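Okay, structure first, notes after.
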Amino acid sequence: MPEPRQRIIVGISGASGAIYGVRLLQALRGLPHVETHAVISDAGWLNITHELGLERTRADTLADVVHGIDSIGASIASGSFRASAMVVAPCSMRTLAAIAHSLADNLLTRAADVMLKERRRLILLARETPLHLVHLRNMTTVTEMGAIVCPPVPAFYQKPQTVDDIVQHSIARVLDLLGLEQELAAPWMGLHSKE
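Take a look at the structure:
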């Protein structure tokens, strides 16, 4: 029997940085043992169109299944649907607050709430700067609940030459956190000093 595919949910919320969610879906698309489910907020779609110039019809093909933000009866709204992980990329402060306080007011925040209650991996690429106290408290709250807050921060030790290099490194870190093999960025092997 073929090995079952690993289900990964990708949420794209309304913060700037839609490229992170789209690039993650593209990277996961290349992995034959992964089944992707995407859920994108209205503001997320707005940013995909504005920042990347992608029409909704084309973006719909990025995942195996694309769920509507209001489809609260979708498979990913239930803990019995065995998704192994969820990534919200980017994660707006509004979405972070909803997750931190279990509002589950749309399919994206409900799916994230399911990941937390089922003790499954939830990774949030929080996008905002500067941060005020409630932002920080919400990050602490979700971390205490088991989520991983992973802001897409550039790694200059990789000597990026382009914006794409910076994005690729962040996606590589997410794939590492998901336990998936990736070739987007080499692991840090330490400095080799001359003796």
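Numbering follows the working numbering, in which position 188 of the sequence shown is assigned residue number 527; successive positions increment by one, without gaps.
Just so you know, even glycine gets a beta-carbon here, dropped at the ideal spot from N, CA and C.
Please read these numbers as outputs of a predicted model, since none were measured by experiment.
- Buried is the label assigned to Asp452, since at least 16 other Cβ atoms lie within 10 Å of its Cβ.
- In this structure, Gly412 sits away from Leu455, with a CB-CB distance that is not shorter than 8 Å.
- By the neighbour-count definition (other C-beta atoms within 10 Å, threshold 16), Ala465 is a buried residue.
- The beta-carbon separation of Ala357 and Leu391, rounded to 6 Å, stays under the 8 Å limit for a contact.
- The continuous alpha helix (DSSP H) containing His474 extends over residues 472–484.
- Rounded to whole angstroms, the separation of the alpha carbons of Leu461 and Arg449 is 12 Å.
- Between Gly360 and Ala428, the CB-CB gap stays under 8 Å.
- With contact defined as three or more Cβ pairs closer than 8 Å, the region 505–518 and the region 465–485 are not in contact.
- Using a Cβ distance threshold of 8 Å, Val373 and Ile415 do not count as a contacting pair.
- Thr375 sits in a strand when the DSSP states are folded into three classes.
- Annotation: Ile358 is outside any beta strand (DSSP E); the continuous alpha helix (DSSP H) that includes it extends over 357–368.
- For Met425, the uninterrupted beta strand (DSSP E) run begins and ends at 424–430, by DSSP.
- For Leu463, the enclosing beta strand (DSSP E) has its first and last residue at 460–465.
- With at least 16 other beta carbons inside 10 angstroms of its own, Met478 counts as buried.
- When secondary structure is reduced to three states using DSSP, His440 falls in the coil class, being assigned neither helix nor strand.
- For the options Thr434, Ser410, Arg421, Ala424, the alpha carbon positioned closest to that of Gly353 is the one of Thr434.
- Between Val349 and Ala402 a beta carbon distance of about 7 Å is seen, short of the 8 Å cut, so the two are scored as contacting.
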